[in-house]
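Written below as structure tokens is the structure these notes are about.
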Amino acid sequence: MKPILIAGPCVIESTQLLNEVAEELVRLKAKYGIDIIFKSSFDKANRTSINSYRGPGLDRGLQMMADIKSKYGLKLLTDIHESYQAKIVGEVVDVLQIPAFLCRQTDLLVAAAKTGKIVNIKKAQFLSGDDMQYPVQKVRESGNDNIWLTERGNIYGYNNLAVDFRNISDMKKYSNIVIMDCTHSVQRPGAAGGKTCGNREFVPSMALAAKAFGANGYFFEIHPDPDNAKSDGPNMVYLKDFEDIIVSILK
1 MKPILIAGPC VIESTQLLNE VAEELVRLKA KYGIDIIFKS SFDKANRTSI NSYRGPGLDR
61 GLQMMADIKS KYGLKLLTDI HESYQAKIVG EVVDVLQIPA FLCRQTDLLV AAAKTGKIVN
121 IKKAQFLSGD DMQYPVQKVR ESGNDNIWLT ERGNIYGYNN LAVDFRNISD MKKYSNIVIM
181 DCTHSVQRPG AAGGKTCGNR EFVPSMALAA KAFGANGYFF EIHPDPDNAK SDGPNMVYLK
241 DFEDIIVSIL K
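Shown next, in the form of structure tokens:
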């Protein structure tokens, strides 16, 4: 079974950006015969600073994502932050993502579950892999067994993350699909004076280490010019380098 790949810019910045990334993903999908799900956020509701760019919002952002699906035939993933968004977003995307900070929010999990879509729950920075059995239980008992879990590192001291790859094995007890978030795991939260920075040079190694521990999916935020991106630039992968990472995973 070939791995699931999730990729796209952190936040929706423009139609031009979405098209540029989508065109490359379609090319890579065809070349390597892999399933690539397009990811971007209509609203980054958990930015460090109130002055940080959040995105185009629910209505405009969903329309832009729907246009990508219609034009390129790619499956879509985006995150939701409030319960009322689940039904609306579920009418457009294939995978609803629960942000790490919100993975214990019962009402949000239940609302996502009731859409019948795949629910990708990101493991909080303050939880262990075994702790994720409880968010899984909330979704399952709400009538939805289509659950993915995503590892993205744990807070380690101030402004830093560490990844315990044993969490991947632990989470596979509760879901058949465990994703490694290879770009958020190299973040340094809030370490850039009101912004999050990171170390994108470690992203390829994160993917290979996760593969060794049995991950069957990989999450990457990618951008043609990450140094000038409006969110998460320091840990996003250059679009031009993404193919090399795919090749290393598929070896």
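In terms of the UniProt record's numbering, the sequence shown is residues 1 to 251. Ideal Cβ positions, reconstructed from N, Cα and C, are used throughout, including at glycine.
Legend entry - Residue closest to residue 246, alpha-carbon to alpha-carbon, out of 153, 51, 182: 182
Inset, instruction - Could you check the C-alpha separation between residue 195 and residue 160 for me, to the nearest Å? - result: Unreliable placement is indicated for residue 195, whose pLDDT of 47 sits below 50; no coordinate value is reported for it.
Inset, instruction - Hey, could you find the ends of the beta strand (DSSP E) residue 120 is sitting in? - result: 118-122
Inset, instruction - May I ask you to report which of helix, strand or coil DSSP gives residue 76? - result: strand
Inset, instruction - Entirely within the segment 19-93 and at least 3 residues each: give me those beta strand (DSSP E) ranges in chain order. - result: 35-39, 75-79
Legend entry - Per-residue burial, residue 150 [other beta carbons within 10 Å of its own, 16 or more giving buried]: buried
Legend entry - Neighbourhood of residue 55 by C-beta distance below 7 Å, restricted to the same chain and skipping five residues each side: 11, 12, 41, 42, 43, 44, 61
Legend entry - DSSP-derived helix/strand/coil call for residue 154: strand
Inset, instruction - Could you spell out where the alpha helix (DSSP H) holding residue 174 opens and where it closes? - result: No alpha helix (DSSP H) holds residue 174; DSSP gives it neither H nor E.
Legend entry - Span of the alpha helix (DSSP H), counted from its first residue to its last, around residue 136: 133-140
Inset, instruction - Can you check DSSP and say which residues form a bridge with residue 147? - result: 119
Inset, instruction - Would you check if there are 3 or more beta carbon pairs closer than 8 Å linking the segment 61-71 to the segment 98-113? - result: no
Legend entry - Cα-Cα separation, residue 143 to residue 106: 14 Å
Legend entry - Nonlocal neighbours in the same chain, by C-beta distance under 8 Å from residue 23, ignoring five residues either side: 72
Legend entry - Residue range of the unbroken alpha helix (DSSP H) whose run includes residue 242: 242-250
Inset, instruction - Please name the residue in 167, 79, 126 whose C-alpha comes closest to that of residue 117. - result: 79
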